[in-house]
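Student: Structure in structure tokens, see below.
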Amino acid sequence: DRPVLVSAHNLNNAMDGDKVRVHLYARRKKHDLEGEVTEIVERAKTIFVGTVQMSRNFAFLLPAGKVGFDIFISKENLNGARDGQKAIAEIIEWPPKARSPFGKITEVLGDTGNNDAEMHAILAEFELPHKFPEKVDKVAEKIPFEIPEEEYKKRRDFRDVTTFTIDPADAKDFDDALSLQKLDNGNWEVGVHIADVTHYVTPNSLMEEEAQSRATSVYLVDRVVPMLPERLSNGVCSLRPNEDKLCFSAVFELTDDAKVVKQWFGKTIIHSNKRFAYEDAQEIIETGKGELDEEVLKMNDLAKKLRAERFKNGSIAFDRVEIKFNIDEKGKPLSVYFKEAKEANQLIEEFMLLANKKVAEFIGKSKGRKKPKTFVYRIHDKPDPDKLESFNSFISRFGYGIQLQSVKTISSSMNNLLDHVKGKKEQNVVETLAIRTMAKAEYSTRNIGHYGLAFDHYTHFTSPIRRYPDMMVHRLLEKYLEDGRSASEQKYEELCHHSSDMEARAANAERASIKYKQVEFMQDHVGEVYSGVISGITDWGIYVELENKIEGMIPIRELDDDFYIFDEKNYALVGRHKHKKYQLGDEITVKIWRTNLEKKQLDFKLATLPETKNSES
Numbered sequence: 004d005r006p007v008l009v010s011a012h013n014l015n016n017a018m019d020g021d022k023v024r025v026h027l028y029a030r031r032k033k034h035d036l037e038g039e040v041t042e043i044v045e046r047a048k049t050i051f052v053g054t055v056q057m058s059r060n061f062a063f064l065l066p067a068g069k070v071g072f073d074i075f076i077s078k079e080n081l082n083g084a085r086d087g088q089k090a091i092a093e094i095i096e097w098p099p100k101a102r103s104p105f106g107k108i109t110e111v112l113g114d115t116g117n118n119d120a121e122m123h124a125i126l127a128e129f130e131l132p133h134k135f136p137e138k139v140d141k142v143a144e145k146i147p148f149e150i151p152e153e154e155y156k157k158r159r160d161f162r163d164v165t166t167f168t169i170d171p172a173d174a175k176d177f178d179d180a181l182s183l184q185k186l187d188n189g190n191w192e193v194g195v196h197i198a199d200v201t202h203y204v205t206p207n208s209l210m211e212e213e214a215q216s217r218a219t220s221v222y223l224v225d226r227v228v229p230m231l232p233e234r235l236s237n238g239v240c241s242l243r244p245n246e247d248k249l250c251f252s253a254v255f256e257l258t259d260d261a262k263v264v265k266q267w268f269g270k271t272i273i274h275s276n277k278r279f280a281y282e283d284a285q286e287i288i289e290t291g292k293g294e295l296d297e298e299v300l301k302m303n304d305l306a307k308k309l310r311a312e313r314f315k316n317g318s319i320a321f322d323r324v325e326i327k328f329n330i331d332e333k334g335k336p337l338s339v340y341f342k343e344a345k346e347a348n349q350l351i352e353e354f355m356l357l358a359n360k361k362v363a364e365f366i367g368k369s370k371g372r373k374k375p376k377t378f379v380y381r382i383h384d385k386p387d388p389d390k391l392e393s394f395n396s397f398i399s400r401f402g403y404g405i406q407l408q409s410v411k412t413i414s415s416s417m418n419n420l421l422d423h424v425k426g427k428k429e430q431n432v433v434e435t436l437a438i439r440t441m442a443k444a445e446y447s448t449r450n451i452g453h454y455g456l457a458f459d460h461y462t463h464f465t466s467p468i469r470r471y472p473d474m475m476v477h478r479l480l481e482k483y484l485e486d487g488r489s490a491s492e493q494k495y496e497e498l499c500h501h502s503s504d505m506e507a508r509a510a511n512a513e514r515a516s517i518k519y520k521q522v523e524f525m526q527d528h529v530g531e532v533y534s535g536v537i538s539g540i541t542d543w544g545i546y547v548e549l550e551n552k553i554e555g556m557i558p559i560r561e562l563d564d565d566f567y568i569f570d571e572k573n574y575a576l577v578g579r580h581k582h583k584k585y586q587l588g589d590e591i592t593v594k595i596w597r598t599n600l601e602k603k604q605l606d607f608k609l610a611t612l613p614e615t616k617n618s619e620s
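Using the working numbering, you'd call the opening residue of the sequence shown number 4 and step up by one each time.
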């Protein structure tokens, strides 16, 4: 399994990720193994999105991203595409002597610059769909809103218990609801009620295939691309107020200091009394007044105690600010603003974490030496010690430090650090690098616990409308509650791997859509001067984040007062002659130089601040 060096002229049209056969050359002294591609066994990717560039009798598709070639499209394979349009093309062949592969346009997305076309192009770039197949929509239309009478008899009835949802103001897919009632013994019964998606989406059905393939809803800057058709995600399954809804619930009996003394999992029926936006619930928490104020305030009190206990046990608080845009009807960004999680968000978060943790423990904590049944876990490995060491050395420049003696000291000192940097100029750089020291959370049937949350068992049970792993968890939990045999580990491990992959693609698409809007927003601000903080250093330039969280780059060739060398160990660029240093976390003043919307790139030049500082957002 040693790497083989293949020079560009020996690739023979192989692309990144392709499965290939290689002819190895005799090794030359001190050189790596070298070879030449003799056969492409399997293409990693044959479908590309890009911009159509017409010539007289043919065209090229210029693919988005760093692909390294254009796709030749003959006139008869244009499928109605016009010059400058965004389109999707499939490679049909790559003749041995041809510089470009031959392709055909399979879908025209629209004109470059048109918001829908651009958002659909971003989805296509990460191989994500932007619409449902007609046959799936037809199946969805046949799913009834009405609940059959016999279903009421099979379920625990929560319709008389005060129940509410708290979601973003613009949300329509309400996955989860909370209920609260005081018990005769003085304890509290909290119901975490989750939409019973798997009641409607049955195994081996067309809808199941579609949900499994997508594995997640995708949240772009201006839209949601749902995992399930809207009739299900925003209608039949959504826990809308004043409607009877089918749920899979985790019901807990908690003491006044939020200790769980009893738990129950099972199928229920609920009737939500109120749909709160986060802002409404936050107002009740801050003023103590409003509809269902007693319930909201009590839930908040219990959530705060759960949260305190979680941090005491080593949970880490990465509270990242969300970047949002005010957008006009054509999709043009008018202003940037930030969304921070407040107590109302934390209220929901704590009860979702509780349900996810307790469901995972219920299956994963086996009695005696018995192997637990196959289950889907959300796992998060410990951080890489080398990354932690280098992070520690970087933050020491600002007078901070992390205690690396044990898992517990790392998490408690990490929390202290994140607390201390709040509001400081280096906050974003430190937070970003702290996150980079962490492993990526993923799905697996092999449980190793969740480091960031400090949970030994954790899963995703609470969002089946928008995540396929939660659907798997619902199915397995239902099966095991009925004493079903352990499911196939191999099958579920493959589905976990697929779900983790689709989650990563969705996150990349979301980031790309935000970057697109940031560059589009800054087009109207070229020539203006801003202050920012150095957020990244590479051997090709300096990345700078402005006060409005928009990031751009000063290309190294624009630093013309010296020859600068990249000092990787110290995250710095150092001038060879004058020894001027640019370091991560330094404050810096820049001028917006140029924007490239097609590449989602923003370039800066060094500048000096005018008398009045510009902090447009």
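From the three backbone atoms N, C-alpha and C, an ideal C-beta is built for every residue, glycine too.
These figures come from a predicted structure and were not determined experimentally.
Which of helix, strand or coil does DSSP assign to Q408?
Tutor: Here Q408 sits in coil by DSSP.
Student: Leaving out the 5 sequence neighbours to the left and right, which residues in its chain are closer than 7 Å to N617 when beta-carbon positions are compared?
Tutor: Its pLDDT being 49, under 50, N617 is placed unreliably in this model, and the coordinates cannot settle the point.
Student: Please report the straight-line C-alpha distance between D542 and K308, rounded to a whole angstrom.
Tutor: In a straight line, the C-alpha of D542 is about 47 Å away from that of K308.
Student: Considering only the beta carbon of each residue, do K594 and K603 sit closer than 9 Å?
Tutor: No, these two residues do not count as a Cβ contact at 9 Å.
Student: Is the Cβ-Cβ distance between R469 and M210 less than 9 Å?
Tutor: Not in contact: R469 and M210 (Cβ atoms no closer than 9 Å).
Student: Select from C250, A311, K248 and N276 the residue whose C-alpha is nearest the C-alpha of A261.
Tutor: Comparing Cα-Cα distances from A261 to each of C250, A311, K248 and N276, the minimum goes to A311.
Student: Please name the residue, chosen from I591, D296, K520 and M474, that lies closest to N117 on a Cα-to-Cα basis.
Tutor: The shortest Cα separation from N117 among I591, D296, K520 and M474 belongs to K520.
Student: Does the beta carbon of A512 fall short of 8 Å from some heavy atom of the ligand ZN?
Tutor: Of the ligands one can find in the structure shown there are none, so the ligand ZN has no counterpart to examine.
Student: Which stretch, first to last residue, makes up the beta strand (DSSP E) that contains H274?
Tutor: From DSSP, the beta strand (DSSP E) with H274 extends over V263 to H274.
Student: Contact defined as beta carbons within less than 8 Å: I believe E298 pairs with F177. What is the distance between those atoms, to the nearest angstrom?
Tutor: No, E298 and F177 are not in contact; Cβ-Cβ is about 17 Å, not under 8 Å.
Student: What does DSSP give as the partner residue(s) for G367 in the beta ladder?
Tutor: None, per the DSSP bridge assignment.
Student: Does the Cβ of H354 have 16 or more other Cβ atoms within 10 Å, making it buried, or fewer, making it exposed?
Tutor: Residue identity differs from the one stated: residue 354 is Phe in this sequence, not His. Burial call: buried.
Student: Is the number of C-beta pairs between the segment 227–247 and the segment 169–185 that are closer than 8 Å three or more?
Tutor: Yes, the segment 227–247 is in contact with the segment 169–185.
Student: DSSP three-state call for K78: helix, strand or coil?
Tutor: Three-state DSSP puts K78 in a helix.
Student: Below 6 Å CB to CB, which residues in the same chain sit around D160 once its five sequence neighbours on both sides are set aside?
Tutor: The answer, listed in chain order, is I272.
Student: Would I591 and L576 be called neighbours here (beta carbons separated by less than 9 Å)?
Tutor: No, these two residues do not count as a Cβ contact at 9 Å.
Student: Roughly how many whole angstroms lie between the Cα atoms of N573 and T440?
Tutor: Looking at the two C-alpha atoms, the distance is approximately 16 Å.
Student: With DSSP as the reference, label A457 as helix, strand or coil.
Tutor: Note: A457 maps to coil in three-state DSSP.
Student: With distance defined between alpha-carbon atoms, name the residue in S318, K270 and I169 nearest to R243.
Tutor: It is I169.
Student: Just to check my reading of the structure: E325 and K342 have Cβ atoms closer than 8 Å, yes? What is that Cβ distance to the nearest angstrom?
Tutor: About 4 Å separates the two Cβ atoms, so the contact holds.
Student: Are the CB atoms of D86 and M122 nearer to each other than 9 Å?
Tutor: No, the Cβ-Cβ distance between D86 and M122 is not below 9 Å.
Student: Grab me the residues of S538's own chain with a C-beta within less than 8 Å of its C-beta, minus the 5 sequence neighbours each way, in chain order.
Tutor: The residues are N431, V432, T435, Y546, V547, E548, E554 and L587.
Student: Indicate the three-state DSSP secondary structure (helix, strand or coil) for R470 in the structure shown.
Tutor: Three-state result, R470: strand.
Student: Just how far apart, CA to CA, sit S275 and K360?
Tutor: Spanning the two alpha carbons is a distance of roughly 24 Å.
Student: Answer with buried or exposed for T611, where buried requires no fewer than 16 other C-beta atoms within 10 angstroms of its C-beta.
Tutor: Its Cβ having fewer than 16 others within 10 Å, T611 is exposed.
Student: Quick check: the Cα distance between H383 and P6, rounded to an integer number of angstroms?
Tutor: The alpha-carbon atoms of H383 and P6 are separated by roughly 29 Å.
Student: DSSP three-state call for F397: helix, strand or coil?
Tutor: Correct three-state label for F397: helix.
Student: State the beta-bridge partners of L484 as determined by DSSP.
Tutor: DSSP, once it has assigned bridges, lists no residue as partnering L484.
Student: Report back the beta-carbon spacing between F524 and P336 to the nearest angstrom; my notes put them in contact at under 8 Å.
Tutor: Confirmed, Cβ separation roughly 4 Å.
Student: Thinking E128 and A67 are a contact (beta carbons under 8 Å), I'd like their distance in whole angstroms, please.
Tutor: So it is a contact: roughly 5 Å between Cβ atoms.
Student: Given K327, which residues of its chain have a CB within under 6 Å of its CB, disregarding the five upstream and five downstream residues?
Tutor: These residues qualify, in order along the chain: Y340 and K342.
Student: Shortest alpha-carbon distance to I197 belongs to which of V362, E571, N419 and E601?
Tutor: It is V362 whose Cα lies nearest to the Cα of I197.
Student: Is V277 buried or exposed, if buried means 16 or more other CB atoms sit within 10 Å of its CB?
Tutor: The sequence given here has Lys at residue 277, not Val. K277 comes out buried.
Student: Contact between the segment 482–496 and the segment 371–380 is defined here as three or more beta-carbon pairs at a separation below 8 Å; is this criterion met?
Tutor: With the cut-off at 8 Å, the segment 482–496 and the segment 371–380 touch.
Student: Is the number of C-beta pairs between the segment 472–486 and the segment 411–431 that are closer than 8 Å three or more?
Tutor: Output reads no: the segment 411–431 does not touch the segment 472–486.
Student: To the nearest angstrom, how far is it from the Cα of F105 to the Cα of D119?
Tutor: Between F105 and D119, the C-alpha separation is close to 27 Å.
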